[in-house]
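So the structure is just underneath, and the comments pick up after that.
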Amino acid sequence: MKTNTTESGARAAIRFPVLFVGAGPGDPDLITVKGQWALSNADLVIYAGSLVPDALLKWTREKAEVRNSAGLSLPQILDAMIRAHDAGKRVVRLHTGDPSLYGAIHEQMAGLRKAGVPYGVIPGVSAAFAAAAALGIEFTLPEITQTLILTRMAGKTPVPQNESLEKLAAHGASLVIYLSMGHIQEMQRILSETYGASAPCVIAYRVSHPDQRIIRTTVSELQEAAFAAGIDRQALVLIGKAVDGMADGDIPASRLYDETFTHGFRKACGPP
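What the sequence shown shows, in my numbering, is residues 1 to 272, in sequence order.
This is the structure we're talking about:
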């Protein structure tokens, strides 16, 4: 009996770090293996129910406590995580996409640090990359565009002036605009002035969800296309030469597999 009591006390003393897990863009099979493992071993899962589909919860174990954070405030979320941690439970905070991008996790991490609770982060697939996969494109094309900008327009959450859409779009890089469908008219105006009214662009709605929609349009018809589809949220806008639908022959081949190019893993084997 003495041994069992000691073992029970040792188990009670174990404290697991809170894990922030990226759920991916929506498809429950696009969560990472590490994220799936965390969910399947969690005692408490707090998930962002306004964006994370219930289908992701199939990875949780039957006895796990599952709470939707959509109706909770920051203090309530922190209190639940801290209490569960102190009780020796495994806690997963499940966020949509990748938690480092528009995940509002910094304030949660700060609260955990203040309470002396350790935490870790398991990354996830962001909707921008799920959209690229759905389109079958590469954001970074040799000699054409080597920069990808992920941004949002100012709304209830302000954007620093030097990160305004006007300034970022002026670069002409591959651009993915999050959380801004409510400002589609202003977005169209800015993109018309930077990429041009005739520039091809894409509206990617609920990428990887069963009701996914990919709408190809042009900047001049962007607002009309969004309104016609009834899309005013949960969508990205993609623009840039990577989504222009350029012919394959117009895109220079990468040096990586060029037979005339020598690098650290292969010597040139073809004519210069």
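Yeah, the Cβ is synthetic: ideal placement off N, Cα and C, and Gly gets one too.
Between the region 61-68 and the region 111-121 there are fewer than three inter-stretch CB-CB distances shorter than 8 Å, so the stretches are not counted as touching. Contact between residue 92 and residue 39 holds: their C-beta atoms lie close to 6 Å from each other, under 8 Å. If only uninterrupted beta strand (DSSP E) runs of at least 3 residues are considered, those enclosed by the region 97-146 are 119-122.
In this structure, residue 21 lies away from residue 142, with their beta-carbon atoms at least 9 Å apart. By the beta-carbon neighbour count (other beta carbons within 10 angstroms, threshold 16), residue 58 is exposed. For residue 149, the secondary structure class from DSSP, reduced to helix, strand or coil, is strand. According to the DSSP assignment, residue 20 belongs to the beta strand (DSSP E) that extends over 18-22. Beta-bridge partners assigned by DSSP to residue 68: 47. Counting only the Cα atoms, residue 53 lies some 31 Å from residue 160.
Counting other Cβ atoms within 10 Å of its Cβ, residue 238 reaches 16 or more and is therefore classed as buried. Contact between residue 56 and residue 28 is confirmed by a C-beta separation of about 5 Å, below the 8 Å threshold. The region 149-160 makes contact with the region 177-188: 3 or more CB pairs, one atom from each, lie closer than 8 Å.
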